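Trainee: I have a structure here, written as C-alpha cells, and I will follow up with some questions on it.
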Amino acid sequence: MTLVLRDKASLRAWRAKVTEGTRLGFVPTMGALHEGHMSLMARAREAADLVIASIFVNPLQFGPNEDLSRYPRPIEADIDKLEAAGVDALFLPSVEDMYPQGASTLVEETLVSGPLCGAVRPGHFRGVTTVVLKLFNLVQPHVAVFGQKDAQQCAVIERMVRDLDVPVEILRGPIVREADGLALSSRNVYLSAEDRAAAPLLHKSLEAVAEAYAAGEHDTEKLAQIGLSVLARSERIKAQYWEVRDPESLGAIATVGMRGALLAVAAYLGTTRLIDNLVIGPEG
Ligand code: AMP
8 MTLVLRDKAS
18 LRAWRAKVTE
28 GTRLGFVPTM
38 GALHEGHMSL
48 MARAREAADL
58 VIASIFVNPL
68 QFGPNEDLSR
78 YPRPIEADID
88 KLEAAGVDAL
98 FLPSVEDMYP
108 QGASTLVEET
118 LVSGPLCGAV
128 RPGHFRGVTT
138 VVLKLFNLVQ
148 PHVAVFGQKD
158 AQQCAVIERM
168 VRDLDVPVEI
178 LRGPIVREAD
188 GLALSSRNVY
198 LSAEDRAAAP
208 LLHKSLEAVA
218 EAYAAGEHDT
228 EKLAQIGLSV
238 LARSERIKAQ
248 YWEVRDPESL
258 GAIATVGMRG
268 ALLAVAAYLG
278 TTRLIDNLVI
288 GPEG
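Using this note's numbering, you'd call the opening residue of the sequence shown number 8 and step up by one each time.
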C-alpha cells in the first residue's frame, strides 16, 4: 500500500517513524506519471530501503504565460501506478500548505541556472530550487533521484546541494524514450497528431549532432547549426534554442574538448514546449 500523506503535518509524523539506519529514497514529481517517472522510482528502490514520491505542481516554477492551469493532474491513475511500483508513500500537499500566506523566502542558484531554460524561463529554476529545498527539508531523504531529461535541473540541484550543504545524495536516472525517440514527458499529451509525428525530430537532431561530432566536427556553432537544420525539416517545429554547452557548468564553449558536452534543445510544437538533451562523451 502506498500511504498518501496529504499535508506537511502527516509527512512529518510519517518521517519521524522512519527508524535510524533505514535509507530513505525520494522522487519529486509534478505527477501525470509515465515510464520516465517510474524508472526513477525503480532507481530509488535500488538505492534505498524505503521510497517516497511527491506530486506537487509547483506554481513558483511556472511563468505567467505557461501551462500551470492546464497541467495534467490524473491523481487517481498516478496513485495506482505508485501502488503497482511498490512506492511506500506519496507526499501530495496543497499549494496553501506548501506556501503559507506571506511566504517571502526564495532559494536561488545563480550560475548554472543562467543559460538554456534559465534564459527563456525567467524565475523557473528559482521556483525549482525553492520547492526542492523545502521538499528536502520536509522529507529528509538520504538519496533523491532526478531525471537526466531535465539535465539543467539536475545540474542546478546538484549545485544547490553542494553549496548549501544539504545532506542528501543526488542520483540521475537516464532519459526514457518512446520507440521513435521522443523523450517521455507529461506534456506530450498536449501534442496534436501532426505535432506528435514531428516531435521525434528533437531526438533526431541530437543524434545527428552526436554523429557529426564523432565524425570530427568539434566546433559548437557548427554543431548547433546541424541540430537546427534537422529541426527545420518540419515547419511545425519552432526551435527555441539548440546549444552545445560544458557538461557540468553549462557554460558556453567554442569547441567540444576533453570534458565532452551537453547537447540541449528546446522547441515549440504548437503551444507545447518540449526539451531534450544528449551528453557527448569526452574525447578518446
Ligand atoms: P516532472 O514531473 O516533469 O517534474 O518530472 C519529475 C522527474 O521525472 C524529474 O526529475 C524529471 O527529470 C524526471 N523525468 C521526466 N521525464 C523523464 C523521462 N522521459 N525519463 C527520465 N526521467 C524523466
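We treat Cβ as the ideally placed atom computed from N, Cα and C, and that holds for glycine.
Owing to the predicted nature of the structure, the values given are computational and were not obtained by experimental measurement.
Closest to Val72 by C-alpha separation, out of His131, Leu145 and Pro81, would be which residue?
Mentor: The residue you asked about is not Val; residue 72 is Asn in the sequence shown. It is His131 whose Cα lies nearest to the Cα of Asn72.
Trainee: Evaluate Leu171 with the Cβ neighbour count: other Cβ atoms within 10 Å of its Cβ, from every protein chain shown; 16 or more gives buried, anything less gives exposed.
Mentor: exposed
Trainee: Which first and last residues belong to the alpha helix (DSSP H) in which Leu142 is found?
Mentor: His131 to Val146
Trainee: If you check the beta carbons only, do Ala271 and Arg252 fall under 8 Å apart?
Mentor: yes
Trainee: Gly291 by DSSP, collapsed to three states: which one?
Mentor: Residue placement at Gly291 is flagged as unreliable, the pLDDT there being 48, under the threshold of 50; the coordinate-derived value follows with that caveat. Coil at Gly291, not helix or strand.
Trainee: If you draw a straight line from the alpha carbon of Ala158 to that of Asn284, how long is it in whole angstroms?
Mentor: 7 Å
Trainee: Comparing C-alpha positions only, which one of Ile177, Leu140 and Ala274 sits nearest to Met105?
Mentor: Leu140
Trainee: Cβ of Leu140 within 7 Å of any heavy atom in the ligand AMP?
Mentor: no
Trainee: Inspect the beta-carbon positions of Gly32 and Val64 and report whether they are closer than 8 Å.
Mentor: no
Trainee: In its own chain, which residues sit with a C-beta less than 6 Å from the C-beta of Val183, not counting the 5 before and 5 after it?
Mentor: Glu42, Gly43, Ser46 and Leu191
Trainee: Please report how far the alpha carbon of Pro122 lies from the alpha carbon of Glu165, in whole angstroms.
Mentor: Counting only the Cα atoms, Glu165 lies some 16 Å from Pro122.
Trainee: Asp95 by DSSP, collapsed to three states: which one?
Mentor: coil
Trainee: Any idea what DSSP makes of Glu250, helix, strand or coil?
Mentor: strand
Trainee: How far does the alpha helix (DSSP H) with Leu198 in it reach, from first residue to last?
Mentor: Where Leu198 is concerned, there is no enclosing alpha helix (DSSP H), given that its DSSP letter is neither H nor E.
Trainee: In the DSSP output, what is Asp226 paired with across the bridge?
Mentor: Thr262
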